[in-house]
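Going by my numbering, the first residue of the sequence shown is number 355, and it counts up by one from there. Glycine included, C-beta positions come from ideal geometry on N, C-alpha and C. Owing to the predicted nature of the structure, the values given are computational and were not obtained by experimental measurement. Down below is the structure, laid out as structure tokens.
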Amino acid sequence: MLLGDDSETDSGSDSDRLQRSRIVPLCCTMGRMNALLLKEYKHLEMVEMPQPEIGPDDVLIRVRTCGICGSDVHGLDGSTGRRIPPLVMGHEAAGEVVETGAEARDLKPGERVTFDSTIYCGRCYHCGRGEVNLCDNRQVLGVSPGEYRRHGAFAEYVAVPRRIVYRLPDNLSYESAALIEAVSVAVHAVNLTPVVLGETGVVVGSGMIGILTIQSLRAAGCARVIAVDPDEGRLAMALKMGATATVNPKTVDAVAAIQEMTGGRGADLALECVGAQEPIRTAIHAVRKGGSVTLVGNVAPKVEIPLQVVVSRQLRLQGSCASCGEYPAAMELMAGGAIRVEPLISAVAPLNEGPSWFDRLYRHEPNLMKVILRP
Ligand SMILES: [Zn+2]
Ligand SMILES: [Zn+2]
355 MLLGDDSETD SGSDSDRLQR SRIVPLCCTM GRMNALLLKE YKHLEMVEMP
405 QPEIGPDDVL IRVRTCGICG SDVHGLDGST GRRIPPLVMG HEAAGEVVET
455 GAEARDLKPG ERVTFDSTIY CGRCYHCGRG EVNLCDNRQV LGVSPGEYRR
505 HGAFAEYVAV PRRIVYRLPD NLSYESAALI EAVSVAVHAV NLTPVVLGET
555 GVVVGSGMIG ILTIQSLRAA GCARVIAVDP DEGRLAMALK MGATATVNPK
605 TVDAVAAIQE MTGGRGADLA LECVGAQEPI RTAIHAVRKG GSVTLVGNVA
655 PKVEIPLQVV VSRQLRLQGS CASCGEYPAA MELMAGGAIR VEPLISAVAP
705 LNEGPSWFDR LYRHEPNLMK VILRP
């Protein structure tokens, strides 16, 4: 690290350089690595690039698995503006420690770890309140929205701050660990939702996050969880993963069906995991008076809210963003079996097959949930 700084300015003798090179771990300052680079929009390519450098607070990790997130697929064509090329994407990853900075020595090389996707500053007002997901200087790994570019984990190595790194329980595989971020999103949303043991919840949307939310609600004490989705295959998966009933809004009036299942009263709570007008309307109409609706999905920039329903039935609308300290809980729930992720893994493939898997996800190939790449 120091050598890197020196060598820029100091053209010392060869023997000097040799001397100094001995104290520098070659793997990190000089090494190259393979990475899956978004070179331009819609164009992913395997490239060789320098390994990331680490600062005193950082950990260099040899990436073993990295999941393809829906946001990576959306980012591919530039529609979200959050993946400006050139960029190494990837924020759902796990691997082993290779090297640590001076302030991160409690982690040892070889330890199995995962890391949060949100990098928070630790100094702003919200960080001071423990709301690290709301950090004013928040950066997301594998994202480049313009103000910053933070290369992610579709690469052999990634460098991340120590404060977002977590040791993996022994019984969690690297493949499962690639889903911890998604689990933490579901756990955070449920933590923001008032749940009393024995209540009935509705989860609108049975994609990845929806299924994890169903499992989290069961773990939180919901006796019944009703899954709502227009896709029968997803509803079958929801049932397998803990939903106690399903509703297909394509074939029945979803709100009427939920009212009927709850004695005409409505469910105690609903979580919306799609982020669009109709599913949000369903969630709001599905809950009883005084019930709560937690909004997790985030796709449509604007939706209409039935104001009088919300006010006169005294509903609580709660937004939920990413996660905030839920990694340890997510890992406990997974390690203990309360949340299962293996059935959600559609494929595990080498990193160099990344471009074709991205393509298949981009074209919405049916029955693909989580695809995990191995650098
Ligand atoms: Zn993600
Ligand atoms: Zn902050």
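Start-to-end residues for the beta strand (DSSP E) that takes in residue i
i	result
Y511	Y511 to P515
A624	A621 to E626
M403	H397 to P404
G482	Looking at the DSSP string, G482 is not in any beta strand (DSSP E); the run it does join, the alpha helix (DSSP H), is Y479 to G482.
T437	Looking at the sequence shown, residue 437 is not Thr but Arg. First-last for R437: undefined, no H or E at that position.
G387	Looking at the sequence provided, one finds Met at residue 387 rather than Gly. M387 -> beta strand (DSSP E) spans R386 to E394.
Nearest-angstrom Cβ-Cβ length linking residue i and residue j, presumed shorter than 8 Å
i	j	result
V738	G559	In the structure as shown, the chain starts at 355 and stops at 729, and residue 738 therefore has no counterpart that could be examined.
R466	L392	Not quite, the Cβ-Cβ distance comes to about 28 Å (not below 8 Å), so this is no contact.
A654	Q631	6 Å
L533	F712	Actually they do not touch by this definition, with Cβ atoms about 18 Å apart.
G421	I726	5 Å
L649	T547	Not a contact, Cβ separation roughly 10 Å.
Environment of residue i [buried if 16+ CB atoms lie within 10 Å]
i	result
T605	exposed
K724	buried
L390	buried
L623	buried
G444	buried
G651	buried
L380	The predicted model places L380 with a pLDDT of 46, which falls under 50 and marks its position as unreliable, so this point remains unresolved.
P660	exposed
F508	buried
N487	buried
S646	buried
H718	exposed
G496	buried
G552	exposed
S710	exposed
S677	buried
D426	buried
Q405	buried
V451	buried
C382	Its pLDDT being 46, under 50, C382 is placed unreliably in this model, and the value from its coordinates should be taken loosely. Buried.
G564	buried
V550	exposed
E457	exposed
E666	Strictly speaking, residue 666 in this sequence is Ser, with Glu absent from that position. When all chains shown are included, S666 counts as exposed.
Residue i CB to nearest heavy atom of ligand 2 below 7 Å
i	result
C678	no
G409	no
G476	yes
C675	no
H542	no
C489	yes
C481	yes
Residue i Cβ short of 7 Å to ligand 1 heavy atom set
i	result
S710	no
C423	yes
E529	no
S498	no
S538	no
S700	no
S471	yes
E399	no
E485	no
E450	no
E686	no
E535	yes
Cβ-heavy atom distance, residue i to ligand 4, below 7 Å
i	result
E446	What this structure holds is ligand 1 and ligand 2, not ligand 4.
Residue range of the alpha helix (DSSP H) that includes residue i
i	result
E686	Y681 to A689
N545	I534 to N545
K594	E586 to K594
S527	Run containing S527: none; DSSP gives neither H nor E here.
D713	G708 to Y716
G496	Unbroken run through G496: none, as it is neither H nor E.
A608	A608 to M615
P633	Q631 to A640
T567	M562 to A574
S666	L661 to S666
For residue i, the residue or residues it bridges with in DSSP
i	result
F469	V519
C423	C423 is not bridged to any residue.
L727	C420 and A703
I580	V556 and A599
Q672	T648
T454	V413
L441	L392
A507	According to DSSP, A507 bridges with nothing at all.
G449	V417 and V467
CB contact check: residue i to chain B, cutoff 8 Å
i	result
E453	Reference to chain B is not applicable here, since this structure consists of a single protein chain.
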